[in-house]
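**Q**
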Amino acid sequence: EAGVTQFPSHSVIEKGQTVTLRCDPISGHDNLYWYRRVMGKEIKFLLHFVKESKQDESGMPNNRFLAERTGGTYSTLKVQPAELEDSGVYFCASSQSLTTKQFFGPGTRLTVL
Amino acid sequence: DAKTTQPTSMDCAEGRAANLPCNHSTISGNEYVYWYRQIHSQGPQYIIHGLKNNETNEMASLIITEDRKSSTLILPHATLRDTAVYYCIVRPNNNDMRFGAGTRLTVKP
Chain Z
-12 EAGVTQFPSH
-2 SVIEKGQTVT
8 LRCDPISGHD
18 NLYWYRRVMG
28 KEIKFLLHFV
38 KESKQDESGM
48 PNNRFLAERT
58 GGTYSTLKVQ
68 PAELEDSGVY
78 FCASSQSLTT
88 KQFFGPGTRL
98 TVL
Chain H
1178 DAKTTQPTSM
1188 DCAEGRAANL
1198 PCNHSTISGN
1208 EYVYWYRQIH
1218 SQGPQYIIHG
1228 LKNNETNEMA
1238 SLIITEDRKS
1248 STLILPHATL
1258 RDTAVYYCIV
1268 RPNNNDMRFG
1278 AGTRLTVKP
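Chains as they are written, first to last, in our numbering: chain Z, -12 to 100; chain H, 1178 to 1286.
1. Taking the alpha carbon of Z/E72 as the point to measure from, which residue in Z/F36, Z/L8 and Z/R24 has its own alpha carbon closest?
2. Counting only beta-carbon separations shorter than 8 Å, does H/G1227 have a partner in chain Z?
3. If you reduce the DSSP assignment to three classes, tell me which class H/R1258 lands in.
4. Answer yes if the region 10 to 27 of chain Z comes into contact with the region 1200 to 1207 of chain H, meaning at least three C-beta pairs across the two stretches below 8 Å, and no otherwise.
5. Is Z/D73 helix, strand or coil by DSSP?
6. Looking at H/Y1209 and H/R1268, is the spacing between their C-beta atoms short of 8 Å?
7. What does DSSP give as the partner residue(s) for Z/K31 in the beta ladder?
8. Contact between the region 1225 to 1241 of chain H and the region 46 to 53 of chain Z is defined here as three or more beta-carbon pairs at a separation below 8 Å; is this criterion met?
9. Do you know how far the Cα of H/G1277 is from the Cα of H/C1265?
10. Going along chain H, which residues have a C-beta under 9 Å from Z/Y20?
11. Helix, strand or coil for Z/G(-10)? Go by DSSP, reduced to three states.
12. Report the option in Z/R96, Z/L97, Z/F91 and Z/R56 whose CA atom is closest to the CA atom of Z/A101.
13. Around the C-beta of H/P1221, are 16 or more other C-beta atoms found within 10 angstroms, so that it is buried, or is it exposed?
14. Quick check for students: name the residue ranges of the beta strand (DSSP E) that lie wholly in the region 1220 to 1248 of chain H, counting only runs of 3 or more.
15. Using DSSP with H/G/I as helix, E/B as strand and the rest coil, what is H/T1280?
16. Shorter than 8 Å from the beta carbon of H/A1261 to some beta carbon of chain Z?
17. Comparing C-alpha positions only, which one of Z/V(-9), Z/S(-2), Z/G94 and Z/F36 sits nearest to Z/L100?
18. Quick one, which of H/P1286, H/C1199 and H/G1192 has its alpha-carbon nearest H/Q1183's?
19. Would you kindly work out how many angstroms separate the C-alpha atoms of Z/F(-6) and H/Y1263, rounded to a whole number?
20. Could you say which of Z/S62, Z/Y77, Z/G58 and Z/Q67 lies nearest to Z/Q4 if we only look at CA atoms?
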């Protein structure tokens, strides 16, 4: 069974540009989560989807970040416009239900210059 | 959410048991103890979780004290590939993961 996949693995962009990260959860997993780790800091929760609905987006840093999960399958996280402090590793995770363990993807390393 | 306290770093000799402690004195009755690890720059990897009983799987054992205020993750025979940052997370059964700083375990030959 394929695990959680993320694309791209690395992205280098300039300040002010737009970047879209993609996450494909494990097939059949209704719950999808986004996390990120910025340099030197802990992994922080961003938001949680149940199917196509945002269940909790309390961790989204500001309105430059937009997450979508149309159709309840894969999800995208768009950063527009990107700032230097957005650099870090963005992880996606999925779980079958709210009470089961989360499986994490390999992450996307974003560098904003 | 309950906060966890873990040592910043630990060393373990290859082939020996690695015992990683975690304090979670403010844990409440519906909160589970989860352990994840992150090897180098990979995504966090699930290890084990429990509520109040001790748990064992193919990767590790989890020992939770009777008052549930602390737990220990045991890797029975540590290998060099177990070198990673280990996270102890206290999680209500319907909530996301709140990672702390974790314990950096170094397995030495």
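The beta carbon of each residue, even a glycine, is placed where N, CA and C say it ideally should be. Since this is a predicted model, take the numbers as computed values, not measurements.
**A** According to the data block:
1. As a first step, residue 72 of chain Z is located in the first sequence; it is residue number 85 there, counting from the start. If we check each option's Cα against that of Z/E72, Z/R24 comes out closest.
2. The sequence position of residue 1227 of chain H within the second sequence is 50, counting from 1. Not an interface residue.
3. Walking along the second sequence from the start, residue 1258 of chain H turns up at place 81. Helix at H/R1258.
4. no
5. For the purposes of this step, residue 73 of chain Z is taken as residue 86 along the first sequence, with counting starting at 1. Note: Z/D73 maps to helix in three-state DSSP.
6. Numbered from its first residue, the second sequence carries residue 1268 of chain H at position 91. Numbered from its first residue, the second sequence carries residue 1209 of chain H at position 32. Contact: yes.
7. Here residue 31 of chain Z refers to the residue found at position 44 of the first sequence. Z/R23.
8. no
9. Here residue 1265 of chain H is taken as the residue at index 88 of the second sequence, counted from 1. Here residue 1277 of chain H is taken as the residue at index 100 of the second sequence, counted from 1. Roughly 8 Å separates the two Cα atoms.
10. Position 33 of the first sequence, counting from 1, holds the residue named residue 20 of chain Z. The contacting residues are D1273 and M1274.
11. By one-based count along the first sequence, residue -10 of chain Z stands at place 3. Reduced to three states, the DSSP call for Z/G(-10) is coil.
12. Because chain Z spans -12 through 100 in this model, residue 101 of chain Z falls outside it and cannot be assessed.
13. What you label residue 1221 of chain H is simply residue 44 of the second sequence in a count that begins at 1. Counting Cβ neighbours within 10 Å, H/P1221 comes out buried, since at least 16 surround it.
14. 1222 to 1227 and 1238 to 1241
15. Here residue 1280 of chain H refers to the residue found at position 103 when the second sequence is read from its first residue. The answer is strand: DSSP assigns H/T1280 an E or B state.
16. Counting from 1 along the second sequence, the entry for residue 1261 of chain H is found at position 84. Output row for H/A1261: interface = no.
17. Residue numbering aside, residue 100 of chain Z sits at position 113 when the first sequence is read from its first letter. The shortest Cα separation from Z/L100 among Z/V(-9), Z/S(-2), Z/G94 and Z/F36 belongs to Z/S(-2).
18. The residue you call residue 1183 of chain H lines up with position 6 of the second sequence. The option with the nearest alpha carbon to H/Q1183 is H/C1199.
19. Start at 1 with the first residue of the first sequence, and residue -6 of chain Z comes out as number 7. Start at 1 with the first residue of the second sequence, and residue 1263 of chain H comes out as number 86. Their backbone Cα atoms lie some 25 Å apart in a straight line.
20. Working through the first sequence from its first residue, we reach residue 4 of chain Z at position 17. Among Z/S62, Z/Y77, Z/G58 and Z/Q67, the Cα nearest to that of Z/Q4 is on Z/Q67.
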